[in-house]
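Reading through the structure tokens given below for one structure.
Protein chains in written order, with full-length UniProt numbering: chain Z, 1 to 350; chain A, 1 to 350.
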């Protein structure tokens, strides 16, 4: 990546925004009376939820922010050699789209190489190619993928753009919080809850909110992918997850640079976990009430504000005496399918 | 309904808009590069589709427009006696919400009675009550429902607000087209395609577009609910449909007042029909690409522009020589559920 990574400061997030704003959408912020009502604790402050809809972002997820920022900080010489990443998800498509968008602006080609496990579903391979990436296959383990990335780099000189564990990615993702704070009206937002997988989004939002008074919280699936919440309790970064959570975008341990931000209690107040049923119930509510399609991963922070007892206690404690509070939720993406919805919701409860 | 119904003119639609605009949302208009590309015929004009998102309207459907307008034209004395309708769908909820909204403004109660077949699904009954309606049950035939409506009227003096077959409803629904024309930029819209069930929306849009040069088309499910298309061919209104189309909002014959507009070739150019598979494919595309939840009925006009050969021929003929055209589609509503999606898409193709 860029020779001098950005420092993890609000200023760097603002600089990132000016670099990427013309290439991405300023996504809308939705409110829902029903959801806000359900999130309001009995005897506590009235909660208004503000959903920052990155499912309506280009390529359907916030990941385009970090990828666009990482590329914007590379030199023309680096861009001509191309970029490479390993991902079977949103980051792969984000990198491919960011490269083709920037290539049009620059007037020269920017090759985007994506290393995917050969067992990836054909639709994901097709989608990644559809955004203009050259797909190279690898085995399924981290070591096998990294080896193939190394070979691509040797052959092409491409720059590695990791999915989350890099300051340029983190401050790029953080731009979503700058928009959210503006859109909810300055000085009004009290807290924001984001999903936490690799931690790019959570660390970015926390960096953007530093010094603003907005309290930042993370949200994780409890079953298997609660590496961040457990790590915070144990005081060390947990390096592996093994999970089949429905929130497939969050099946990732927190990265090193990300952990540096997230483990700072001044920056991230707490990471809450929710069950698979709570995630599914939250997804159903958002889809049916707000009439938008969201990924299961995006339902995780919604599930926190709707059903985490610990979150409710935090609200009652921190905002005691307040009549109303405003809570932002980053709806991280909408890249799911009807078939996936059928798969997740089609099975009868046992 | 009101003693002097509105005439079916663009002026009446504009008047309706000024009566209802403060009570409803101006819904957004979405474009999608993928959908527009798929709609563009080879060798024909490039098509840009503009989706008018009434799924994001209050109570999730355009029906709130007609109901709000009908009530706005009643006297205070009539409103105090209340309103009644028979519907198990969006119109019931629209009437209930319109009544409670207007009641707050007026400062007195406006009872809303909804007659529903006793076999209605409990969730629909609960939703209708949730909007504040008093639900009265009837048998399932039209005669049985009408008898119960009559009894409610005798008992309460409530005014009957029919779901679609009334000029005040028609011009109320037509307000959606005024917004759409403005939002796509004046003078830019070439055509608009809307679903056709009872014909309130189609007749309203056609009334609003009279004299503007915007060509208005209707869209129906081919299997069973093509009463309007068949009626136009036979030169007479068909008075009954019997159908299990997935587009459950369109399982209704066209009303009398509606037929008067729709059968005028100066106002509605043509009504196209599409198959169940085409409707499902269109719904899948809109949900997955635009990340919004739509009812199957709303997928019907999308299916027309994506897969009707007769529509393509019309485009090639009418817009021959044009480089680009702009086509509006009314996404009529989003009142469906995850369970319905599972039911519709969960069965494997035979």
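All residues carry an ideal CB built from backbone N, CA and C; glycine is no exception.
Hey, residue i and residue j: beta-carbon distance below 9 Å or not?
i: residue 79 of chain Z; j: residue 95 of chain Z; result: no
i: residue 216 of chain A; j: residue 202 of chain A; result: yes
i: residue 141 of chain Z; j: residue 113 of chain Z; result: no
i: residue 278 of chain Z; j: residue 308 of chain Z; result: yes
i: residue 176 of chain A; j: residue 208 of chain A; result: yes
i: residue 255 of chain Z; j: residue 162 of chain Z; result: yes
i: residue 27 of chain Z; j: residue 179 of chain Z; result: yes
i: residue 328 of chain A; j: residue 29 of chain A; result: yes
i: residue 192 of chain A; j: residue 304 of chain A; result: no
i: residue 284 of chain Z; j: residue 338 of chain A; result: yes
i: residue 241 of chain A; j: residue 280 of chain A; result: no
i: residue 8 of chain A; j: residue 167 of chain A; result: yes
i: residue 97 of chain A; j: residue 64 of chain A; result: yes
i: residue 286 of chain Z; j: residue 302 of chain Z; result: yes
i: residue 101 of chain Z; j: residue 25 of chain Z; result: no
i: residue 194 of chain A; j: residue 10 of chain A; result: no
Got a sec, what are the start and stop residues for the alpha helix (DSSP H) residue i sits in?
i: residue 342 of chain A; result: 338–346
i: residue 314 of chain A; result: 309–318
i: residue 196 of chain Z; result: Looking at the DSSP string, residue 196 of chain Z is not in any alpha helix (DSSP H), and its letter there is neither H nor E.
i: residue 113 of chain Z; result: Taken as a continuous stretch (DSSP letters only), residue 113 of chain Z belongs to no alpha helix (DSSP H), being part of the beta strand (DSSP E) at 112–117.
i: residue 106 of chain A; result: 90–106
i: residue 229 of chain Z; result: 227–234
i: residue 324 of chain Z; result: Looking at the DSSP string, residue 324 of chain Z is not in any alpha helix (DSSP H); the run it does join, the beta strand (DSSP E), is 324–331.
i: residue 79 of chain A; result: 76–81
Can you give the beta carbon distance from residue i to residue j, rounded, assuming they're within the 8 Å contact cut?
i: residue 297 of chain Z; j: residue 248 of chain Z; result: 7 Å
i: residue 225 of chain Z; j: residue 243 of chain Z; result: 4 Å
i: residue 219 of chain A; j: residue 344 of chain A; result: With a Cβ gap of about 18 Å, residue 219 of chain A and residue 344 of chain A do not count as contacting.
i: residue 250 of chain A; j: residue 196 of chain A; result: 7 Å
i: residue 173 of chain Z; j: residue 204 of chain Z; result: 3 Å
i: residue 282 of chain A; j: residue 165 of chain A; result: At roughly 28 Å, the Cβ-Cβ gap does not stay under 8 Å, so residue 282 of chain A and residue 165 of chain A are not in contact.
i: residue 324 of chain A; j: residue 45 of chain A; result: 6 Å
i: residue 103 of chain Z; j: residue 83 of chain Z; result: About 11 Å separates the two Cβ atoms, so there is no contact after all.
i: residue 221 of chain A; j: residue 238 of chain A; result: That pair is no contact at about 14 Å.
i: residue 171 of chain A; j: residue 16 of chain A; result: 5 Å
i: residue 200 of chain Z; j: residue 66 of chain Z; result: 6 Å
i: residue 346 of chain Z; j: residue 346 of chain A; result: 5 Å
i: residue 342 of chain Z; j: residue 149 of chain A; result: With 8 Å as the limit, residue 342 of chain Z and residue 149 of chain A do not qualify as a contact, their Cβ atoms being about 39 Å apart.
i: residue 326 of chain Z; j: residue 188 of chain Z; result: 5 Å
Can you tell me where the beta strand (DSSP E) holding residue i begins and where it ends?
i: residue 21 of chain A; result: That residue, residue 21 of chain A, is in no beta strand (DSSP E); it is neither H nor E in DSSP.
i: residue 65 of chain Z; result: Segment 63–72 is the alpha helix (DSSP H) holding residue 65 of chain Z; no beta strand (DSSP E) there.
i: residue 219 of chain Z; result: 215–221
- Message: Check whether the stretch 3–12 of chain Z and the stretch 52–61 of chain Z are in contact - that is, three or more C-beta pairs closer than 8 Å.
- Response: No, the stretch 3–12 of chain Z does not touch the stretch 52–61 of chain Z.
- Segment contact, 8 Å Cβ cut-off, at least three pairs: the stretch 287–301 of chain A with the stretch 290–297 of chain Z: Yes: the two stretches touch, three or more of their Cβ pairs being nearer than 8 Å.
- Per the contact definition of three or more C-beta pairs closer than 8 Å, is the stretch 24–42 of chain A in contact with the stretch 126–143 of chain A? Verdict: no, contact absent.
- Task: For the stretch 236–293 of chain A, list the beta strand (DSSP E) runs that are entirely contained and at least 3 residues long, ordered along the chain.
- Result: Taking only runs of at least 3 residues, the beta strand (DSSP E) segments lying wholly in the stretch 236–293 of chain A are 270–274.
- Query: With a cut-off of 8 Å, do at least 3 Cβ pairs link the stretch 148–165 of chain Z to the stretch 38–52 of chain Z?
  - Reply: Between the stretch 148–165 of chain Z and the stretch 38–52 of chain Z, the count of C-beta pairs closer than 8 Å stays below three; the two stretches do not touch.
- Query: Do three or more CB pairs link the stretch 270–281 of chain Z to the stretch 306–319 of chain Z at distances below 8 Å?
  - Reply: Contact between the stretch 270–281 of chain Z and the stretch 306–319 of chain Z is present, with at least three C-beta pairs closer than 8 Å.
- Touching by the beta-carbon criterion (3+ pairs, under 8 Å), the stretch 82–90 of chain Z and the stretch 110–120 of chain Z: Yes: at least three Cβ pairs fall under 8 Å.
- Query: Where are the alpha helix (DSSP H) runs, 4 residues long or more, that stay fully inside the stretch 122–189 of chain A, in chain order?
  - Reply: Runs of the alpha helix (DSSP H) lying entirely within the stretch 122–189 of chain A, each at least 4 residues long, are 122–130, 142–156, 167–183 in chain order.
- Message: In chain order, what are the residue ranges of uninterrupted alpha helix (DSSP H) at least 4 long that sit wholly in the stretch 10–51 of chain Z?
- Response: Counting only unbroken stretches of 4 or more residues, the alpha helix (DSSP H) elements lying wholly within the stretch 10–51 of chain Z are 10–20, 33–39, in sequence order.
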